[in-house]
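Asker:
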Amino acid sequence: MARFRRLKNYDITVDKQKAYTHNRLQILIHNHSNRLVGAIIDIGNSPRNSKGKNKTTVSNPQNEGLRFIDDSASNSVPDLFDSPRKTALRRNLKSWYRKKRRELPWRDTSEPYRIWISEIMLQQTTVAAVIPYYHRFFERLPDLVDLATADEDAVLQLWEGLGYYSRARNLHKAAKLLIDEFDGEFPRDVATLQKLPGIGRYTAGAIASFAFGVRAPIVEANTLRLYSRLLAYRDDPKSTAGQRLLWQFAEDILPKTDVGDFNHALMDLGATVCRPSEPDCPECPLVRVCRTAELGLQAEIPLAKQKPQITDLTEVCFAIRHGDEYLLRRRQAGEWWTGLWDFPRLSLTAEEVATLGIGSGQRNPKRSKSKMLPGLELIPSAVNDRLKQEVSTLTGVEIHTGELLEVLKHGVTRYRIRLLCFKADYAQGTIRSDAELEWVHPDAFSEFALTKTARQLANRLTPDRTETQ
2 MARFRRLKNY
12 DITVDKQKAY
22 THNRLQILIH
32 NHSNRLVGAI
42 IDIGNSPRNS
52 KGKNKTTVSN
62 PQNEGLRFID
72 DSASNSVPDL
82 FDSPRKTALR
92 RNLKSWYRKK
102 RRELPWRDTS
112 EPYRIWISEI
122 MLQQTTVAAV
132 IPYYHRFFER
142 LPDLVDLATA
152 DEDAVLQLWE
162 GLGYYSRARN
172 LHKAAKLLID
182 EFDGEFPRDV
192 ATLQKLPGIG
202 RYTAGAIASF
212 AFGVRAPIVE
222 ANTLRLYSRL
232 LAYRDDPKST
242 AGQRLLWQFA
252 EDILPKTDVG
262 DFNHALMDLG
272 ATVCRPSEPD
282 CPECPLVRVC
292 RTAELGLQAE
302 IPLAKQKPQI
312 TDLTEVCFAI
322 RHGDEYLLRR
332 RQAGEWWTGL
342 WDFPRLSLTA
352 EEVATLGIGS
362 GQRNPKRSKS
372 KMLPGLELIP
382 SAVNDRLKQE
392 VSTLTGVEIH
402 TGELLEVLKH
412 GVTRYRIRLL
422 CFKADYAQGT
432 IRSDAELEWV
442 HPDAFSEFAL
452 TKTARQLANR
462 LTPDRTETQ
């Protein structure tokens, strides 16, 4: 296929294979929502027009009202939904939302502080997972001043288990900035909100529309999928062109009033009806204006994102005991989980993993160490000497390594990590004064913001304690 010329608001593609073998050329016509309209252009033996050129005949099954224009005509981006479609979309969505809106704890407030916290928590995290963290956060830090004056450790501890800890650090930075430079008041415009740490275009639009009623569009995971289907957009919705199109569409359909409820309704519809797989089209209030539903392409739109190639890693951590205390280390800038506390942790090379005789790992192993890694109770000497030296360099203390306590599996971005947790006893040395290291009694583990795996191991070392969320 090749791009041939343009109609106003439409792209034409010519089937070149038929160009020299038939008097009839098949022309494929797509509008700017990437919806195939379809047309047949007759040339060759077709009647001549008044200027002596072959007359064209257009088959237009979708009744799109097509017409030719000059190739030199403006390629301005068109109205993506005509006025009747937009009116129907707003009316039907509003009616549906009155009956089907989700009751969520951050929905019954226009307080920008609470809306901001909820939106940051909801990034990369499900609603069900966020709710208990949301309540706990406001029990400890009920207003902006409380957050700005809190220690970063306290903020990280409240965030423990939600992951993506840079979100919590940015919250803390932004709170201080709001107090110092904005007199504790949230900006009402999207552009200024986006200047705060951790606030992007979507979050700024959410705060502005939910808290202040500003006519600001939103595009996040649920609405991106919904918009792509409404427009039957077949290309990558996260590409530059896709983002430009969907953000324009999101702005184009906004009502003049009640923008916050409208944006909430769009998000709810995407989350509960226009689901990633098996969307509930019969229950969708927008099915009559949805171009993907017209074409039956729900399984193909939006274009599935390419899955990242997974890299397997094997790491080791040591529960180093000295009397009744264990050694914890704060993870540093440039490391995963910056600012959180962990047991001393090291990576194994591929050769060392092979030396352990455990291969690339099993999926979803049982918690029993004997079932997880049969035959591996102690670290082989070939690996042990290197790890002991690394621990000494990292912490300043020398250790005697012990038996395998636990094997934990987790993931970070495109990495699938198997963590071998070993006992170890303090031998000699003093912890480095230039590193953040502390000897901690198990009763005090709850006072530290730990990584997820460190919390799991801490609970193993204190089995009588209830697991911390």
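Here the sequence shown is numbered in my numbering, starting from 2 and rising by one per residue. Each residue gets a CB set at the ideal place from its N, CA and C atoms; glycine is no exception. Source: prediction; values computed, not measured.
1. Rounded to whole angstroms, what is the Cα-Cα separation between D281 and K196?
2. Round the Cβ separation of A209 and V220 to the nearest angstrom and send it over; I've been treating them as touching at under 8 Å.
3. Would you list the one or two residues that DSSP bridges to S348?
4. With C-beta atoms as the reference, is L341 less than 8 Å away from Y166?
5. Decide yes or no for the touch test of the region 427-435 against the region 293-304: beta carbon pairs closer than 8 Å, at least 3 of them.
6. Decide if K52 is buried, meaning its Cβ has at least 16 other Cβ atoms within 10 Å, or exposed.
7. Give me the residue from F250, A205, G199, D109 with the minimum Cα distance to T224.
8. On a Cα-Cα basis, can you pick out the residue from L347, G412, F213 that is closest to N385?
9. Tell me which residue opens and which closes the alpha helix (DSSP H) that A212 is part of.
10. Would you report the Cα separation of L227 and W338, rounded to the nearest angstrom?
11. Thinking just about the alpha-carbon of each residue, which of L458, T204, S229 is nearest to the one in P218?
12. Near W248, what residues of its chain come up, given a Cβ to Cβ distance below 8 Å and the 5 sequence neighbours on each side ignored?
13. Which runs of the alpha helix (DSSP H), 4 residues or longer, sit entirely within the region 371-437?
14. Starting from the C-beta of D444, find all residues in its chain whose C-beta is less than 8 Å away, skip the five residues before and the five after it, and write them out in chain order.
15. By alpha-carbon positions, which one of E316, K389, I321 ends up nearest to A355?
16. Have a look at E279 and T241 and give me their C-alpha separation to the nearest angstrom.
17. Could you round the C-beta distance between A169 and L178 to whole angstroms and report it? I think they count as a contact, below 8 Å.
18. In this structure, how does DSSP classify T454 when only helix, strand and coil are distinguished?
19. When the cut-off is 8 Å and only beta carbons count, does D262 lie next to chain D?
20. Which residue marks the beginning of the alpha helix (DSSP H) containing E186, and which one marks its end?
21. Taking the DSSP output, what are the residues bridged to D343?
22. Would you give the residue range spanned by the alpha helix (DSSP H) that I1 belongs to?
23. Out of curiosity, what's the CA-to-CA distance linking Y427 and W440?
24. How would you label F335, buried or exposed, when you count the other beta carbons within 10 angstroms and need 16 or more for buried?
25. When you compare only the Cα positions, how much space is there between L304 and R230?
Answerer: With the structure as the only source:
1. One C-alpha to the other measures close to 38 Å.
2. About 14 Å separates the beta carbons of A209 and V220, which is beyond the 8 Å limit, so they are not a contact pair.
3. In the DSSP assignment, the residues bridged to S348 are E316.
4. Yes; because the gap between Cβ atoms is below 8 Å, this pair is in contact.
5. No: fewer than three Cβ pairs fall under 8 Å.
6. With a pLDDT of 44 at K52, under the threshold of 50, the modelled position of this residue cannot be trusted; read the value that follows with caution. K52 comes out exposed.
7. When F250, A205, G199, D109 are compared, the shortest CA-CA separation from T224 is found for F250.
8. With distances taken between Cα atoms, N385 lies closest to L347.
9. Element bounds for A212: 202-213.
10. Rounded to the nearest angstrom, the gap between the Cα atoms of L227 and W338 is 33 Å.
11. The candidate whose alpha carbon is nearest that of P218 is T204.
12. Excluding positions up to five away in sequence, the list reads R202, P218, V220.
13. The region 371-437 contains these whole alpha helix (DSSP H) runs: 382-396.
14. Hits under 8 Å: T463.
15. Of the listed residues, the one whose Cα sits closest to A355 is E316.
16. In a straight line, the C-alpha of E279 is about 27 Å away from that of T241.
17. Here A169 is actually not in contact with L178; their C-beta atoms are around 15 Å apart, not less than 8 Å.
18. In this structure, T454 counts as helix in the three-state DSSP scheme.
19. Among the chains in the structure shown there is no chain D, since it carries only a single protein chain.
20. Counting along the chain, no alpha helix (DSSP H) covers E186, and no H or E run does either.
21. Paired residue(s): R330.
22. Within the shown structure, residues of the chain are numbered from 2 to 470, placing residue 1 beyond reach of any answer.
23. Spanning the two alpha carbons is a distance of roughly 11 Å.
24. Phe is not the amino acid found at residue 335; the sequence shown has Gly there. G335 is classed as exposed because its beta carbon has fewer than 16 other beta carbons within 10 Å across all chains shown.
25. Rounded to whole angstroms, L304 to R230 spans 10 Å at the Cα level.
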